[in-house]
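**Student:** What follows is a structure written as structure tokens; I'll ask about it next.
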Ligand SMILES: NC(=O)c1ccc[n+]([C@@H]2O[C@H](COP(=O)([O-])OP(=O)(O)OC[C@H]3O[C@@H](n4cnc5c(N)ncnc54)[C@H](OP(=O)(O)O)[C@@H]3O)[C@@H](O)[C@H]2O)c1
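Residue numbers (our numbering): 9 to 277.
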């Protein structure tokens with residue numbers, strides 16, 4: 009069934025991020041009514057003023073129960089039909105040096121919060137004619153990548169959650185999607201990560217490419233969508249023949265460590 013964009017009321021988490029702003033702009037152009045969330049009121053207000061159409065902003069930290077209460081209350085009043093979980097943070101470097109509070113914050117933001125929000129908003133989405141949940145994962149939700157251990161854990165978890173929920177709701181009016189961008193030009197990536205990607209020859213997409221992919225994925229009703237070649241091929245190979253990817257990435261390990269281990273990271277960021 010074609011999506012009636014102008015009938016959609018969409019909660020977009022991470023709306024003020026690089027990918028979030030591009031998605032907000034694309035959906036607003038299509039006539040979607042947006043509920044924009046992030047933790048910074050000034051950034052949210054600037055985004056709201058830049059968009060065509062009528063939208064709502066909610067300033068909230070989605071890792072807290074209080075923040076989620078605020079978001080859910082607005083979604084209830086606005087008759088939500090679409091949820092896009094895009095808020096995310098990252099952490100790079102040797103696993104042993106990552107402070108425990110950063111591990112907790114990353115898993116709370118990238119995994120626990122989208123799961124909790126989805127659970128709380130599902131009853132509202134089920135009241136819509138057709139409901140949509142789109143979880144923004146990553147290529148690193150399918151490929152374990154050195155110096156990204158906790159981020160990979162969060163995105164592997166999000167991919168598993170999305171797949172299981174999508175199958176659980178297969179006979180319902182709520183469709184669940186997983187969108188996996190590859191490296192994208194946003195502030196989530198430190199200068200060290202950008203330099204590492206250049207050294208490895210990894211492409212970095214403009215955020216608009218992710219927004220276009222999200223719209224195409226929904227229009228084509230594809231449960232999973234991986235952006236970019238060769239990343240989408242590696243994600244598949246890693247699923248069936250991970251030893252091949254082990255060998256390919258082992259050759260890249262000295263380069264990854266040169267940019268992302270603690271000795272060099274500080275100089276570059
Ligand atoms: N950029 C990439 O290379 C890339 C590649 C693959 C996947 N992704 C995924 O794409 C998504 C968007 O990333 P991005 O590149 O747009 O990152 P970004 O530019 O750093 O934006 C992150 C967004 O998340 C919000 N956020 C973070 N913690 C939050 C919290 N506790 N409560 C509410 N909002 C919070 C931030 O808002 P405030 O900090 O203002 O609250 C901001 O709007 C993430 O899930 C990321 O993992 C990104």
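For every residue, glycine included, the Cβ atom is placed at its ideal position computed from N, Cα and C. Predicted model, so just to flag it, every value in this text is computed and none were measured.
Please indicate yes or no: does the CB of residue 78 lie closer than 7 Å to some heavy atom of ligand 1?
**Tutor:** No, the Cβ of residue 78 stays beyond 7 Å of every heavy atom of ligand 1.
**Student:** With burial defined as no fewer than 16 other Cβ atoms inside 10 Å of the residue's Cβ, what is the status of residue 163: buried or exposed?
**Tutor:** Buried, by the Cβ-count rule.
**Student:** I need the DSSP call for residue 153, collapsed to helix, strand or coil.
**Tutor:** Here residue 153 sits in coil by DSSP.
**Student:** How many Å lie between residue 136 and residue 14 at the Cα?
**Tutor:** Spanning the two alpha carbons is a distance of roughly 14 Å.
**Student:** Could you work out which residue in 167, 153 and 198 is closest to residue 144 when comparing CA atoms only?
**Tutor:** Among 167, 153 and 198, the Cα nearest to that of residue 144 is on 167.
**Student:** I want to check one thing, is the minimum distance from the CB of residue 50 to the heavy atoms of ligand 1 below 7 Å?
**Tutor:** Incorrect: residue 50 has no Cβ contact closer than 7 Å to ligand 1.
**Student:** Is residue 81 closer than 8 Å to residue 21 when the C-beta atoms are compared?
**Tutor:** Their beta carbons are not under 8 Å apart, which means residue 21 does not touch residue 81 by this criterion.
**Student:** Quick one: grab the DSSP three-state call for residue 91.
**Tutor:** In the structure shown, residue 91 sits in a strand (DSSP, three-state: E or B).
**Student:** Report yes or no: do the stretch 206-215 and the stretch 247-266 share at least 3 C-beta pairs separated by less than 8 Å?
**Tutor:** Flag = yes, the stretch 206-215 and the stretch 247-266 touch.
**Student:** Taking the CB atoms as reference points, tell me whether residue 132 and residue 190 lie closer together than 8 Å.
**Tutor:** The answer is no: Cβ separation not under 8 Å.
**Student:** Figure out for me which residue from 252, 147 and 67 has the closest Cα to the Cα of residue 53.
**Tutor:** Of the candidates 252, 147 and 67, the one whose C-alpha sits nearest the C-alpha of residue 53 is 67.
**Student:** Does DSSP classify residue 43 as helix, strand or coil?
**Tutor:** DSSP places residue 43 in strand when its eight states are reduced to three.
**Student:** According to DSSP, is residue 188 helix, strand or coil?
**Tutor:** Residue state, collapsed to three classes: strand.
**Student:** For residue 96, name the three-state secondary structure that DSSP assigns.
**Tutor:** Coil.
**Student:** With respect to 7 Å, is the separation between the Cβ of residue 25 and the closest non-hydrogen atom of ligand 1 below this value?
**Tutor:** True, at least one ligand heavy atom lies under 7 Å from that Cβ.
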